[in-house]
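Enquirer: This is the structure, below, for whatever I ask next.
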Amino acid sequence: MKPLISAVLLMFSFFAFSQEFTLIGKVVDEQQQPLSYVNILIAKSVVEPIEISSGFRQPKGTATNDDGTFSFANLEPGTYKISASFIGYKTIEKIIELKKDTAIETLVLIEDSEALDTVTITAKRPTITRKPDRLTFNIENTALTEGSTLQVLKSTPGIIVSEGSINIKSSPATVFINNRRVQLTSDELIQLLESAPANSIKSVEVITNPPASYDADSGSVINIIMSKNLVTGYRGSVAANYTQGVFPRYNGATSHYFKNNKINLNVNYSYTKQKINREEENSIDYFDTTGNIDQIWNSDIDRNTKSETHNANLNFDYYLSEKTTLSLTSTALFTPYFKYRISNNTDINNANSVFLENFTANNLSRDDKFNLGTDLNLRTEFNSGSSLTFNGHYTTYAYNRDQNVFQDNQNNPDSEFKTIANQDTEIYTAKADYSLPISENSSFDTGVKLSNIKTESDITRLDIINGSEVINTANSNAFDYDENIFAAYVNYSKSWDKWDIALGLRAEQTDVDGFSPTLNQTNTQDYFEWFPNASISHNFSDNFSLYGNYKRSITRPSYTNLNPFTFFINENTTVEGNPALQPTFQDHFVVGTNFLEHFTIEAYYINYDGAINEIPRQDNTTNILAYTPINLDKTVDFGFDFLFDIDITNNWNIYFATSFYNIKEETSFGNDSIDLSRWSNYTEMTNNMTLLEDNSLSLNFSLAWVGKNLYALQIIEDRLVTGLSITKSVLNKNGLISLSFEDLFNFQDEKRTVQYLNQSGRQNINIDNRFVKLGFRYKFGNTKLNTNERTTSAEERDRIKDLQ
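Position 568, counted from 1, in the sequence shown is what my numbering calls 828; the numbers after and before it change by one each time, with no gaps.
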């Protein structure tokens, strides 16, 4: 205890006797008019005598206010160099000796006439760079940064943003911000990115072969890189969006950021109120024991969801020293109101389409959800250029659903029942990462991670019999899940002459224990796996290069999919979990070439061992259709990609990609085996344009053709995904009006067919993805500041799914 008291007293005495001063100044032009937004850098001398070009510490920065003034606080005594720079003016530097609070003489910037005579200032256009494992879309200082983060993703080549999903080609993508995983569901993530301004984004990386430092189940990754900032001060923004689909939707958001020499503080909040419509037409052929059609069930289903969601994000960085930073990140999501209504009308006909009977079913669910994730991060950089990072994470997640189902049968007794379901999850992770630059052209990374996940779920079904609630023990259950994962990795990368190489190896030990006390079922898994990855490329010339990469990864089943509960859409349509699910292992190979600056051709092969898919399975004896997750025995996806991008003008970029691919799925049900395959085509084209002399008008138009393809033992018909967004800067570029249109040609809905063995069904899904959106954002304060915005990082959170 005494050493602790002594240390505290020593710390207080240090602060009491230390001296810190304030420096203020002003910048004007030759006509003595104040200059705003002038970049001001200040650096303290570390050696004597003073030299202008060397001998100073890492500079701190700010920008002048509207009246041309600037200030620096909490400066130690000593010799400082101040520099002031602004486009069109000559940079000036000044040496001062700081011994007290000081107001320096006014700095006068002189117009750089030579530069103004010879340089034409134009807006920078986005650029695309490629490496063997990724495509980087650089947008810093472009018109795209005037919109939202979601608009940037929609403009990024290879990324498809449709209602409720963010994909790379046709596969779901994992989104990171500054290499830290965003742990929200797809809908929640889209809401977050839509309300987040893009003016701090440097680039977007589309990573098809993530290195071993990424979790083994990352798959394809979108990494949003935020630009760094020296400027201190305050910046804020408010935004609102109105969306008209089948029903109106509303979103409001505010963001506030403050930075000084010691802290970064960023707080975001958004509120979303929406009603989403979904209509389905389902048809199922039920067979008799001889294999002939016995009955045809035709259903019209109308689903509506009403919800109100609150999102909050806090980021706090404290600079313990110039090279050590302590960071706290917390992301909270609260959905106090979620109303899920299903209306079902089913006609039952015989094999000759003669009407037999009818039933209707009404399903009303009320949900609430709370999700809080917090990260504590400590990062230290050493003089050698290496860095060491420690991270701890905690998530608490609670989800509750109360459901009431009433089924009115024409020729059978009516039925009514309730279900009460709860899911509580806690996630703990701890990890350490070390990065060492071996030379200017090579680096080494290594790290370890430990995670623990505990989830407790229960469901109770209450049948309404003669007005009384009776527990249905056959459909009531509880499920406890406990998972531990220990992981370690190494990465090495090197560039020399015309070669680039990256090698990585990740090892993960997984222990799983899932137990259902009511059914006395146990799911135990214990496995150790290696996950190697490698990338290599060779540049034969500026116009021709070859590359190849390989990665092994894993997809673990979500906690809800492992849960053996049965959720009733009606008495004849259910959603069921599967505690026997195993993880999926993927091997991904790519070879490709870049040539003539604008062209890329790739060939790829992906083998999935035990792919997890939720499939509809009809029971021809009970006439029940159950949506159940299963492991397919084998899935193979291979094909050829052709990519082209070009800047038609300084303000117009076109990206075009087409892929011809084959998907093959194999699995067995008892003694029956299935072997399905199909060739398909995916084609995408995006246009990015900036218009008007001041580049204040931006336009993005995208088309994506998804050809008839095979997925989860179902054939999905052709689809065309389209989007048009227009943004206009106003109010001296502090305001932004946005207008966007989705599904312009009304060809984005899904039509699915099931046709194998004794399974036969058709489904038309009309999703509420055709809408018009109008938005406005206004930023205030020092609008040149970049934020420290990020989200919580535990990859285990991504496997949280809402109760079905």
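All residues carry an ideal CB built from backbone N, CA and C; glycine is no exception.
What does Gln1019 pair with, by DSSP beta-bridge criteria?
Expert: Tyr1016
Enquirer: Roughly how many angstroms lie between the CA atoms of Glu374 and Ile302, to the nearest whole one?
Expert: In this prediction, Glu374 scores a pLDDT of 46, lower than 50, which makes its location untrustworthy; no coordinate-derived value is stated.
Enquirer: By alpha-carbon positions, which one of Ser647, Asn558 and Leu957 ends up nearest to Val614?
Expert: Asn558
Enquirer: CB-CB under 6 Å to Arg525, same chain, minus the five flanking residues each way: which ones, in chain order?
Expert: Residue identity differs from the one stated: residue 525 is Leu in this sequence, not Arg. If we look at Leu525 and ignore the five residues flanking it on each side, its Cβ neighbours are Phe518 and Phe576.
Enquirer: Taking the alpha-carbon positions, what's the Ala886 to Thr784 distance?
Expert: 25 Å
Enquirer: Cutting at 6 Å between CB atoms, please list the residues of its own chain near Thr946, excluding the five before and the five after it.
Expert: The answer, listed in chain order, is Tyr915 and Ser962.
Enquirer: Using the C-alpha atoms, what's the distance from Ser933 back to Gly852?
Expert: 35 Å
Enquirer: In terms of alpha-carbon separation, which member of Phe594, Leu593, Asn612 and Thr620 lies closest to Thr606?
Expert: Thr620
Enquirer: Using the Cα positions of Phe666 and Gly1035, report the straight-line distance between them to the nearest angstrom.
Expert: 41 Å
Enquirer: Short of 8 Å in beta carbon distance, which residues of its chain neighbour Leu257, apart from the five on each side in sequence? Order them along the chain.
Expert: A query on residue 257 cannot be resolved here, the shown segment of the chain reaching from 261 to 1064 and no further.
Enquirer: Which same chain residues, not among the five before or five after Phe904, have their C-beta less than 7 Å away from its C-beta?
Expert: His858, Phe859 and Phe916
Enquirer: Thr288 by DSSP, collapsed to three states: which one?
Expert: Strictly speaking, residue 288 in this sequence is Val, with Thr absent from that position. If DSSP states are grouped into helix, strand and coil, Val288 belongs with the strands.
Enquirer: Take Asn247 and list the residues in its own chain whose beta-carbon comes closer than 7 Å to its own, dropping the five residues that flank it on each side.
Expert: The shown model of the chain, from 261 to 1064, leaves out residue 247, and the question about it has no answer.
Enquirer: With Gly774 and Pro839 assumed to form a contact (beta carbons below 8 Å), what rounded beta-carbon distance in angstroms separates them?
Expert: Right, the Cβ-Cβ distance comes to about 5 Å (below 8 Å), so this counts as a contact.
Enquirer: Could you name the residues of the same chain whose beta carbon sits closer than 6 Å to that of Asn772, not counting the 5 residues immediately before and after it, in chain order?
Expert: A small correction: the amino acid at residue 772 is Val; Asn does not occupy that position in the sequence shown. Excluding positions up to five away in sequence, the list reads Glu743 and Gln785.
Enquirer: In angstroms, rounded to a whole number, what distance separates the CA positions of Pro889 and Leu951?
Expert: 49 Å
Enquirer: Kindly list the residues whose CB is nearer than 8 Å to the CB of Asn618, restricted to its own chain and excluding five residues on each side of it in sequence; keep chain order.
Expert: Asn605, Thr606, Asp607, Ile608 and Gln670
Enquirer: Please list, in chain order, all residues of the same chain as Trp790 whose beta carbon is under 6 Å from its beta carbon, the five residues on each side excluded.
Expert: Ala767
Enquirer: Drop a sphere of 10 angstroms on the beta-carbon of Gln878, count the other beta-carbons inside from all chains shown, and report buried for 16 or more, exposed for fewer.
Expert: buried
Enquirer: Whole angstroms are fine: how far does the CA of Asn651 sit from the CA of Tyr694?
Expert: One Cα belongs to Tyr694, the other to Asn651, and the distance between them is close to 12 Å.
Enquirer: Can you tell me the Cα-Cα spacing of Ala748 and Ser711, whole angstroms?
Expert: 12 Å
Enquirer: Is Ile731 helix, strand or coil when you go by DSSP?
Expert: strand
Enquirer: Answer with buried or exposed for Ile482, where buried requires no fewer than 16 other C-beta atoms within 10 angstroms of its C-beta.
Expert: buried
Enquirer: DSSP beta-bridge partners for Tyr819?
Expert: Bridge partners of Tyr819: none, in fact.
Enquirer: Can you pull the DSSP bridge partners for Thr468?
Expert: None; Thr468 has no bridge partner.
Enquirer: Check each candidate in Ser331, Ile745 and Ile356 and name the one with the smallest Cα separation from Tyr340.
Expert: Ile356
Enquirer: Which residues mark the beginning and the end of the alpha helix (DSSP H) in which Val750 is found?
Expert: No alpha helix (DSSP H) contains Val750, which is instead part of the beta strand (DSSP E) from Asn737 to Trp756.
Enquirer: How is Lys414 classed by DSSP in three states: helix, strand or coil?
Expert: helix
Enquirer: Leaving out the 5 sequence neighbours to the left and right, which residues in its chain are closer than 7 Å to Asp1003 when beta-carbon positions are compared?
Expert: Within the same chain, Asp1003 has close Cβ partners Thr982, Asn1029 and Arg1030.
Enquirer: Relative to the C-alpha of Asp327, which candidate in Ile1027, Ile300 and Pro294 has its C-alpha closest?
Expert: Pro294
Enquirer: Where DSSP assigns a beta bridge to His798, which residues make up the other side?
Expert: Trp759 and Leu806
Enquirer: May I ask which residues mark the beginning and end of the beta strand (DSSP E) holding Pro697?
Expert: Ser675 to Ser699
Enquirer: For Asn994, which residues from the same chain have a beta carbon less than 8 Å from its beta carbon, with the 5 sequence-adjacent residues on both sides left out?
Expert: Tyr1038, Lys1039, Phe1040 and Thr1043
Enquirer: Excluding the 5 residues flanking Ile923 on each side, which residues of the same chain have their C-beta closer than 8 Å to its C-beta?
Expert: Thr895, Val896, Asp897, Ser937, Arg938, Ser940, Asn969, Leu970 and Tyr971
Enquirer: If you measure between the beta carbons of Ser813 and Ala476, is that distance less than 8 Å?
Expert: At the C-beta level, Ser813 and Ala476 come within 8 Å of one another.
Enquirer: Where does Ser801 land, buried or exposed, given buried means 16+ other C-beta within 10 angstroms?
Expert: Ser801 sits exposed, since fewer than 16 C-beta atoms from the chains shown fall within 10 Å of its C-beta.
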